[in-house]
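Enquirer: In mature numbering (1 follows the signal peptide of the UniProt record, and there is no 0), the protein residues as written are -22 to -1, 1 to 151.
Backbone N, C-alpha and C fix where the C-beta goes; we use that ideal spot for every residue, glycine too.
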Amino acid sequence: MKNLISLTLLTFLVAFLSPSNQHNVSAQATSLITTTCQRTPFYQLCISTLTADPRSRSSNLTTLGLIVVDATKVKSTSTLTQINKLINSTPQLRGPLKNCVDLYNGILGVIPTAVEALTKGDPKFAESSMVDAANEAESCEKSFGQSKSPLSDMNKVVHDLSVVATAIIRMLL
């Protein structure tokens, strides 16, 4: 009897929780994500970033752009936090790290411009902001010169996310 009740409850939950009426929306969103990411230089990063955000389930190209811009902000913020920790623990790299603080403050300064431009339907300003963000992350990496950068992985992610955002925004132009 317990097994029958458990099986009935499980069947009900599966039927209730599998939104068949949302299947088309999800399929459309998946299709938009796939075709959009195929047109970016970092397909896998694009896919993983967009599918991780619930807004992508029922979105348009502008929303996909906003999602990647937001992801760039999150990664830039965590990179800046790491830079500030490293300034105190690695005095031999203090010069390049201080340069990176300025560069990442610049990135975090242009992201609101990108968000506002996308929200207002003016993708050209958003594109320019994200190109700047990619260049700033690359400049941070280069500021270490011959020294080993402790930020290489983080700089690459911020750069690549910025490039993906730029590619998506260019689809809106």
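1. Tell me whether the beta-carbon of L96 lies closer than 8 Å to the beta-carbon of T40.
2. Name the residue from L139, A115, V47 whose alpha carbon lies nearest to the alpha carbon of A104.
3. Roughly how many whole angstroms lie between the Cα atoms of L150 and C78?
4. Please report whether the beta-carbon of N133 lies at a distance below 8 Å from any beta-carbon of chain D.
5. Taking T57 as the reference, which of L23, V109, S130, C24 has the closest Cα?
6. What's the call for K98, buried or exposed, on a 16-neighbour Cβ count within 10 Å?
7. Cutting at 8 Å between CB atoms, please list the residues of its own chain near I25, excluding the five before and the five after it.
8. Would T55 and L75 qualify as a contact pair, given that the criterion is a beta-carbon distance under 8 Å?
9. To the nearest angstrom, how far is the alpha carbon of V136 from that of A92?
10. Drop a sphere of 10 angstroms on the beta-carbon of N133, count the other beta-carbons inside from all chains shown, and report buried for 16 or more, exposed for fewer.
Expert: A quick look at the data gives this:
1. yes
2. V47
3. One C-alpha to the other measures close to 31 Å.
4. Absent from the structure is chain D; it holds one protein chain and no more.
5. The alpha carbon of T57 has as its nearest neighbour, out of L23, V109, S130, C24, the alpha carbon of S130.
6. exposed
7. Contacts found: I11, T12, C15.
8. no
9. Cα to Cα, the separation comes out at about 15 Å.
10. buried
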